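Student:
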């Protein structure tokens, strides 16, 4: 019985790539979606969180 290790490695690479793109889009949504939100409460909350994490925003 033989095992094809290329299939396992390809599956792991596809999963990591998909997770990376998901994290990229989720992060972009949080930065731009909350940063440019029209709701004052959402924007103020995002502003406070950025300061809490030490991320300078102005």
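Numbering (the working numbering), first residue to last: 7 to 64. Beta carbons are placed, not taken as given, at the ideal position from N, Cα and C, and that holds for glycine. The model shown is predicted, which means the values in this text are computed figures rather than measured ones.
1) Express the C-alpha separation of residue 20 and residue 29 in angstroms, rounding to a whole number.
2) When you compare the CB of residue 47 with every CB in chain D, is at least one pair closer than 8 Å?
3) Using the three-state DSSP reduction, which class does residue 41 fall into: helix, strand or coil?
4) Can residue 49 and residue 63 be called in contact, C-beta distance under 8 Å?
5) To the nearest angstrom, report how far apart residue 23 and residue 42 are at their CA atoms.
Tutor: In this structure, then:
1) For the purposes of this step, residue 29 is identified with residue 23 of the chain shown, where counting begins at 1. For the purposes of this step, residue 20 is identified with residue 14 of the chain shown, where counting begins at 1. Residue 29 and residue 20: Cα-Cα distance of roughly 14 Å.
2) The structure shown contains no chain D; it is built from a single protein chain.
3) The residue given as residue 41 occupies position 35 in the chain shown. Residue 41: helix per DSSP, three-state reduction.
4) Indexing the chain shown from 1 puts residue 49 at position 43. Indexing the chain shown from 1 puts residue 63 at position 57. Cβ distance not < 8 Å, so residue 49 and residue 63 don't count as in contact.
5) Your numbering for residue 23 matches position 17 in the chain shown. Your numbering for residue 42 matches position 36 in the chain shown. Rounded to whole angstroms, residue 23 to residue 42 spans 28 Å at the Cα level.
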